[in-house]
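Single-structure report; data block below.
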Amino acid sequence: MFKRIFYWGLSAGVLSTVAGILYDRIYFFAMGADYSRLINAGSLAGINLLSCLLAASGFWLMTKQFGNKGELTFNFAFTILSFGSIIVPISATLPLDVAYPELFPGLAVPMHFFPAMAWYTLRPLFYDIPGPE
Amino acid sequence: MKRFVYPIAALALMTASAFTFIASQDWKINDDYSIKFASPDPSGTFAGLKGAVAFDENDLDASKFDVTIDVATINTGNGMKNNHAKSAKWFDAEKFPTIGFKSTTIAKTATGYAATGKLKIHGVTKDFVLPFTYQKTDNGGLFTSSFEINRLDYNVNTEEPGHGAASFKVDISVPVSKP
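The listed protein sequences correspond, in order, to chains A and B.
Under the numbering used here, the residues of the first sequence are numbered 2 to 134, in order.
Under the numbering used here, the residues of the second sequence are numbered 42 to 220, in order.
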């Protein structure tokens, strides 16, 4: 079962990386603010894959621990953590030579929801793993 | 002929004396200057430095600074803090758009130079001694200065003296070249 959850996490990581890269490019062309030193394809791939694989581990643990209520508990936790994590880009102090720091949260905050959104989006592909009764 | 001697001599003297006055060297501020402030919270930079810099190591009497920086250029690295710093509660950039320093005298010191003058921040003007050093470079010179300043002396958010730091270390580096 863990293998399928692992693939779910991996797929979600790839999907959220693609979404992140697309959003980063759109934001760059729309706002003209370049944060490529901080956020780029490499860092997006790393953080999204890590987030989603951690999510997969968490999901596996919670479904093992709480059975049928595991997915619900996990979804709550994942969503709350995603919300909570936006404090990081909001309060971040960027290097002083990075222009337009006021536009940085507009780029980074939505990205914090991409792993969870990708995870929930791909749920039907893995429906038969601890799904609702 | 004799009667022209004195007028000619006077004219010659006046003409010659005019050349004894040599204006202090005016400098152009290069774009790669830096104005940094540091404290436990926050630290950052200002930009928009402009004004007149006249300095001659051999003629300090004719040397003077009359410069301003643009308050709206404050950068702490955090957009929300930047907006907060520019707001009426702090620097009030709309009402007081510049920070200015105008020297009255410049004197040599043991470590470099000291420019005494008026520093205007947030609409409050106070006497200020700006310590600085000057180094000649290939294309001009480099002014550096380092000093402490307290925002409360200039009525910058005196309502909240404990909100963030009150005292800041300021480091300024201004390369200049001949115009």
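Just so you know, even glycine gets a beta-carbon here, dropped at the ideal spot from N, CA and C.
State yes or no: is the C-beta of B:V112 within less than 8 Å of the C-beta of B:P138?
For the 8 Å CB-CB criterion, B:V112 and B:P138 form a contact.
What is the DSSP secondary structure of B:W131, reduced to helix, strand or coil?
The DSSP-derived three-state label of B:W131 is coil.
Looking at the structure shown, is A:I27 part of a helix, part of a strand, or coil, going by DSSP?
If DSSP states are grouped into helix, strand and coil, A:I27 belongs with the helices.
For A:F105, return the contacting residues in chain B, with the cut-off set at a CB-CB distance below 7 Å.
Here the neighbours are G120.
6 Å Cβ shell around B:A155 - same chain, five flanking residues per side excluded:
Excluding positions up to five away in sequence, the list reads A148, V170, P172.
Whole beta strand (DSSP E) elements within the segment 150 to 195 of chain B, 3-residue minimum:
With a minimum length of 3 residues, the continuous beta strand (DSSP E) runs that stay inside the segment 150 to 195 of chain B are 154 to 162, 165 to 177, 181 to 191.
Please name the residue in B:A103, B:T199, B:T178, B:R192 whose C-alpha comes closest to that of B:Q66.
Among B:A103, B:T199, B:T178, B:R192, the Cα nearest to that of B:Q66 is on B:A103.
For the segment 182 to 192 of chain B and the segment 207 to 215 of chain B, state whether three or more C-beta atom pairs, one from each stretch, are separated by less than 8 Å.
Three or more pairs of CB atoms, one per stretch, sit closer than 8 Å, so the segment 182 to 192 of chain B contacts the segment 207 to 215 of chain B.
Thinking just about the alpha-carbon of each residue, which of B:G181, B:Y175, B:S128, B:T157 is nearest to the one in B:D168?
Comparing alpha carbon positions, the residue from B:G181, B:Y175, B:S128, B:T157 closest to B:D168 is B:T157.
Does A:V19 have its Cβ less than 8 Å from a Cβ in chain B?
For A:V19, no CB of chain B lies under 8 Å from its own CB, so it is not counted at the interface with that chain.
Excluding five sequence neighbours on each side, which residues of the same chain lie with their C-beta closer than 8 Å to the C-beta of B:V197?
Excluding positions up to five away in sequence, the list reads W131, F132, I162, H163.
Please decide whether B:T114 counts as near chain A, where near means a Cβ-Cβ distance under 8 Å.
B:T114 is outside the set of residues whose beta carbon lies under 8 Å from a beta carbon in chain A.
Does the beta-carbon of A:S128 have 16 or more other beta-carbons within 10 angstroms, so that it is buried, or is it exposed?
In the sequence as displayed, the identity of residue 128 of chain A is Tyr instead of Ser. By the 10 Å Cβ count, A:Y128 comes out exposed.
Cβ-based burial, B:F60 [other Cβ within 10 Å; buried from 16]:
For B:F60, the predicted structure reports a pLDDT of 45, less than 50, and the residue's modelled location is therefore unreliable. A value from the coordinates is still provided. Counting the other Cβ atoms within 10 Å of the Cβ of B:F60 gives fewer than 16, which makes it exposed.
Does the segment 89 to 96 of chain A touch the segment 16 to 35 of chain A, meaning 3 or more C-beta pairs lie closer than 8 Å?
No: the two stretches stay apart, fewer than three of their Cβ pairs being nearer than 8 Å.
So with Cβ pairs under 8 Å, would you call A:T94 a contact of chain B?
Yes, its Cβ sits closer than 8 Å to a Cβ of chain B.
Looking at the unbroken beta strand (DSSP E) that takes in B:L90, where does it start and where does it end?
Judged by DSSP secondary structure, B:L90 falls within the beta strand (DSSP E) whose first and last residues are 85 to 95.
Touching by the beta-carbon criterion (3+ pairs, under 8 Å), the segment 70 to 80 of chain A and the segment 3 to 16 of chain A:
No, the segment 70 to 80 of chain A does not touch the segment 3 to 16 of chain A.
Check whether the Cβ of A:P116 lies closer than 8 Å to any Cβ atom in chain B.
Taking 8 Å as the threshold, the shortest C-beta distance from A:P116 to chain B does not fall below it.
Comparing the C-beta of B:T117 with each C-beta of chain A, is any distance below 8 Å?
Chain A, which has a Cβ nearer than 8 Å to the Cβ of B:T117, makes this yes.
Using a C-beta cutoff of 8 Å, does B:G85 count as contacting chain A?
Residue contact with chain A for B:G85: present (Cβ-Cβ distance below 8 Å to some residue of chain A).
Would a C-beta distance cut-off of 8 Å place A:A34 and A:Y101 closer than the cut-off?
Cβ distance < 8 Å, so A:A34 and A:Y101 count as in contact.
Cα-Cα, which of A:K65, A:L82, A:F84, A:S58 is closest to A:I6?
Put simply, of A:K65, A:L82, A:F84, A:S58 the residue whose alpha carbon is nearest the alpha carbon of A:I6 is A:S58.
Mapping the DSSP letters down to three states, classify A:V110 as helix, strand or coil.
Shown here, A:V110 sits in a helix according to DSSP, grouped into three states.
Cα-Cα separation between A:E72 and A:P125, rounded to whole angstroms:
So the alpha carbons of these two residues sit roughly 13 Å apart.
Give me, in chain order, the residues of the same chain whose beta-carbon lies closer than 7 Å to that of A:M112; leave out the 5 immediate sequence neighbours on both sides.
G21, Y24.
Return the CA-CA distance between A:F60 and A:S83, expressed in angstroms with no decimal places.
Their backbone Cα atoms lie some 15 Å apart in a straight line.
Can you tell me the Cα-Cα spacing of B:T166 and B:I115, whole angstroms?
Taking the straight line joining both Cα atoms gives about 20 Å.
Own chain, CB closer than 7 Å to B:T6, minus 5 neighbours either side, in chain order
There is no way to answer for residue 6 of chain B, as the model of chain B reaches only from 42 to 220.
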